[in-house]
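Notes follow once the structure below has been shown.
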Amino acid sequence: MTQGLPRYLLCNVRFGRFKAVFSEQDVPLAPFTVLIGRNGSGKSTLLEALQWLDTALRKDANAACDPYRGMRELVNKRSPRPTFWLGLTWNPDPDAPASPLPSLPEQIGYSFEVRSVKRQAIIQREHLWVGQAGAPQHWITTKLEPGKRLAPTGGSTGRQRARVLYPEAEDRRTLFSSPDRLALPLGPIDPDGEFLGNPFPIVRRFFRDAVFLRLSPKNLSNPSRTTRSSEEPLLDEEGARLPVLLRELSAEQLAEVVEQLKQVLPDVEGVGLSDANHRDLPVHYHLTEPMLGASQPASRLLRIPAWMLSEGTRRLTALFALLAHDPPPSLLCIEEIENGLDPWTVIVVLNALRSAVARGVQVIVTTHSPWLLDHAALDEIVRVRRQAGETVYERFADDAEVKRFRDGVPPGARYVRGG
Ligand SMILES: Nc1ncnc2c1ncn2[C@@H]1O[C@H](COP(=O)(O)OP(=O)(O)O)[C@@H](O)[C@H]1O
Ligand SMILES: [Mg+2]
Numbered sequence: 006m007t008q009g010l011p012r013y014l015l016c017n018v019r020f021g022r023f024k025a026v027f028s029e030q031d032v033p034l035a036p037f038t039v040l041i042g043r044n045g046s047g048k049s050t051l052l053e054a055l056q057w058l059d060t061a062l063r064k065d066a067n068a069a070c071d072p073y074r075g076m077r078e079l080v081n082k083r084s085p086r087p088t089f090w091l092g093l094t095w096n097p098d099p100d101a102p103a104s105p106l107p108s109l110p111e112q113i114g115y116s117f118e119v120r121s122v123k124r125q126a127i128i129q130r131e132h133l134w135v136g137q138a139g140a141p142q143h144w145i146t147t148k149l150e151p152g153k154r155l156a157p158t159g160g161s162t163g164r165q166r167a168r169v170l171y172p173e174a175e176d177r178r179t180l181f182s183s184p185d186r187l188a189l190p191l192g193p194i195d196p197d198g199e200f201l202g203n204p205f206p207i208v209r210r211f212f213r214d215a216v217f218l219r220l221s222p223k224n225l226s227n228p229s230r231t232t233r234s235s236e237e238p239l240l241d242e243e244g245a246r247l248p249v250l251l252r253e254l255s256a257e258q259l260a261e262v263v264e265q266l267k268q269v270l271p272d273v274e275g276v277g278l279s280d281a282n283h284r285d286l287p288v289h290y291h292l293t294e295p296m297l298g299a300s301q302p303a304s305r306l307l308r309i310p311a312w313m314l315s316e317g318t319r320r321l322t323a324l325f326a327l328l329a330h331d332p333p334p335s336l337l338c339i340e341e342i343e344n345g346l347d348p349w350t351v352i353v354v355l356n357a358l359r360s361a362v363a364r365g366v367q368v369i370v371t372t373h374s375p376w377l378l379d380h381a382a383l384d385e386i387v388r389v390r391r392q393a394g395e396t397v398y399e400r401f402a403d404d405a406e407v408k409r410f411r412d413g414v415p416p417g418a419r420y421v422r423g424g
């Protein structure tokens with residue numbers, strides 16, 4: 006029952022002490038945001054902070070630290086205390102169709118702080134609220150648990166903190182004190198009959214359908230054995246489970262993928278799976294092309310398995326498959342989107358992403374391509390820079406250097422010439 010739920014856009018990310026970020030940063034996000042900046046400036050850091058939350062919600066806080074070899078590596082090295090924090094704000098999407106649900110929040114906020122205690126990640130504070138004309142309503146708050154220490158076996162490690170769900174509703178109020186789990190997944194994912202401003206379903210669905218990509222052409226060509234569990238994202242970061250995603254698509258959605266691919270590869274006739282009927286066997290996907298010179302084209306199709314496809318084609322198949330899925334991703338974050346794509350294909354992908362944005366998908370990409378920037382609007386671009394050792398995120402349109410250029414000078418040229 007996705008229909009009744011209104012679309013909300015993630016319009017701001019505030020975070021501190023996470024990887025490259027020391028001082029708290031406020032990053033404004035648009036429906037389509039392009040992150041630019043020199044190597045090592047902090048572009049991935051922003052996406053990784055969101056992905057950390059995504060994994061912590063699907064699993065737990067320590068699992069979210071695993072890619073970084075634990076919490077201590079994740080916290081900015083200059084931080085005097087082993088803690089980082091993240092705060093997100095959503096606003097209703099002004100372009101979305103009106104929702105029939107009553108009492109929709111004007112703004113939703115979610116924030117948390119994580120602390121490392123004996124190398125374990127502990128949720129120090131968590132807060133979910135809705136802003137209703139200046140009087141916020143709280144749906145998750147944090148309180149100290151009297152007497153309970155975080156680490157009973159020594160060290161002054163502070164007090165255990167419990168999260169309180171529904172703090173303002175006496176009959177529903179619930180305490181939650183599992184130290185490495187966020188309380189948000191305990192809230193409902195479906196709007197109840199009356200809704201009454203309940204932000205849980207909106208935020209939970211946002212993360213259920215969020216996808217973070219750092220596509221790996223090698224993994225994109227591997228046969229995949231797994232089926233997707235309800236905790237897993239539509240597609241894993243590297244694309245290893247693309248066959249599973251393709252298996253979830255209807256015939257019409259697969260035809261849509263082929264239509265998109267044809268813009269780049271006009272000979273492609275279809276996309277198929279090696280054995281769509283045996284759930285337990287590893288499956289791989291293939292594209293089909295007509296055999297040259299065949300008298301009956303329909304019966305003489307060439308199957309080109311994933312590992313024989315060009316790296317760019319594998320990436321395109323993954324992107325188009327994601328965009329054809331119903332529901333589509335709520336948030337789609339893509340690292341170095343132009344990798345492996347020719348300049349014309351970059352524009353095809355950009356157009357596909359823009360039409361997805363028009364359907365309510367929020368997109369954040371990182372890029373090093375001035376060509377791609379030339380096809381973005383100034384106010385869609387966020388520049389990441391190191392200033393005196395600090396990572397700083399700024400709207401490109403607000404940058405004095407960028408404003409100095411004559412109107413009509415495209416963003417890519419402003420970026421490269423501005424230095
Ligand atoms: N825990 C940390 N403390 C301080 N700096 C860090 C930490 N983790 C990563 N960094 C810095 O962040 C940089 C990587 O940032 P990243 O966001 O991956 O850059 P990019 O803009 O290339 O995506 C590293 O080069 C390092 O300088
Ligand atoms: Mg990066």
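Just so you know, the sequence shown maps onto residues 6 to 424 in the numbering used here.
Even for Gly, the Cβ is constructed at its ideal location relative to N, Cα and C.
Computed from a prediction, not measured in an experiment: that's the story for all the values here.
Cutoff 6 angstroms; reference residue i; Cβ partners in own chain excluding five residues on either side
| i | result |
| --- | --- |
| LEU52 | CYS338 |
| VAL351 | GLU343, LEU377 |
| LEU12 | The residue you asked about is not Leu; residue 12 is Arg in the sequence shown. Cβ within range, chain order: ASP98, ALA101, GLY365. |
| ALA402 | LEU383, ASP384 |
| TRP95 | TYR13, LEU15, ILE113 |
| ARG419 | VAL407, PHE410 |
| SER279 | VAL288, HIS289 |
| PHE23 | ALA54, PHE89 |
| GLY317 | GLY345, LEU346 |
| PHE37 | VAL362, VAL368, GLU385 |
| ASN203 | none |
Spatial distance of residue i from residue j (CA atoms)
| i | j | result |
| --- | --- | --- |
| ARG210 | ARG305 | 44 angstroms |
| PRO5 | MET296 | Residue 5 is absent from the model: the chain starts at 6 and stops at 424. |
| GLY275 | VAL263 | 6 angstroms |
| ILE207 | SER116 | 15 angstroms |
| GLU243 | THR60 | 15 angstroms |
| ARG246 | GLU173 | 42 angstroms |
| GLN142 | GLY114 | 10 angstroms |
| PRO89 | THR231 | Checking the sequence shown, residue 89 turns out to be Phe, not Pro. Looking at the two C-alpha atoms, the distance is approximately 34 angstroms. |
| LEU10 | ARG19 | 25 angstroms |
| SER161 | ARG186 | Unreliable positioning characterises SER161 in this predicted model, as indicated by a pLDDT of 43, which lies under 50. The coordinate reading is nonetheless provided below. The alpha-carbon atoms of SER161 and ARG186 are separated by roughly 22 angstroms. |
| LEU259 | ARG120 | 45 angstroms |
| THR372 | GLU340 | 7 angstroms |
| ASN17 | VAL273 | 40 angstroms |
| LEU191 | LEU180 | 11 angstroms |
| ALA425 | SER335 | Residue numbering for the chain in the displayed model covers 6 to 424; residue 425 lies beyond these limits and cannot be assessed. |
| PRO222 | LEU189 | 34 angstroms |
| GLY417 | ALA35 | 19 angstroms |
| VAL169 | GLN129 | 13 angstroms |
| GLY45 | ASP197 | 45 angstroms |
| SER104 | LEU201 | 13 angstroms |
Where the alpha helix (DSSP H) through residue i begins and ends
| i | result |
| --- | --- |
| ALA323 | 316-329 |
| TRP312 | Per DSSP, TRP312 belongs to no alpha helix (DSSP H) and is neither H nor E. |
| SER28 | No alpha helix (DSSP H) contains SER28, which DSSP labels as neither H nor E. |
| SER235 | Taken as a continuous stretch (DSSP letters only), SER235 belongs to no alpha helix (DSSP H), as it is neither H nor E. |
| ALA126 | Where ALA126 is concerned, there is no enclosing alpha helix (DSSP H), although the beta strand (DSSP E) it sits in stretches over 125-136. |
| SER360 | 348-363 |
| ASN67 | 66-70 |
| ARG43 | Note, ARG43: premise wrong, no alpha helix (DSSP H); not H, not E. |
| PHE212 | 205-213 |
| VAL273 | Here VAL273 belongs to no alpha helix (DSSP H), and DSSP marks it neither H nor E. |
Residue i CB to nearest heavy atom of ligand 1 below 7 angstroms
| i | result |
| --- | --- |
| GLU399 | no |
| VAL426 | Outside the displayed range of the chain (6 to 424) lies residue 426, so it cannot be described from this structure. |
| LYS123 | no |
| ALA25 | yes |
| GLY42 | yes |
| GLY21 | no |
| LYS267 | no |
| LEU79 | yes |
| SER46 | yes |
| LYS82 | yes |
Near ligand 2: residue i beta-carbon under 7 angstroms from a heavy atom
| i | result |
| --- | --- |
| THR371 | yes |
| SER255 | no |
| GLU340 | yes |
| SER49 | yes |
Residue i, enclosing beta strand (DSSP E) - first and last residue
| i | result |
| --- | --- |
| PHE20 | 13-21 |
| PHE117 | 112-122 |
| PRO97 | 88-97 |
Neighbourhood of residue i by C-beta, 7 angstroms cutoff - its chain only, sequence neighbours within 5 removed
| i | result |
| --- | --- |
| VAL269 | LEU321, THR350, VAL353 |
| ALA323 | LEU220, LEU225, LEU240, GLY244, LEU247 |
Other residues of its chain near residue i: CB distance less than 8 angstroms, five sequence neighbours each side excluded
| i | result |
| --- | --- |
| GLY413 | none |
| ILE41 | LYS48, THR371, THR372, HIS373, LEU378, ILE386, VAL387, ARG388, VAL389, PHE401, TYR420 |
Three or more C-beta pairs below 8 angstroms linking the region 383-393 and the region 349-357: no
Inter-stretch contact at 8 angstroms, needing at least 3 Cβ pairs: the region 394-401 / the region 25-34: yes
Given 8 angstroms, three or more beta-carbon pairs between the region 248-256 and the region 329-337: yes
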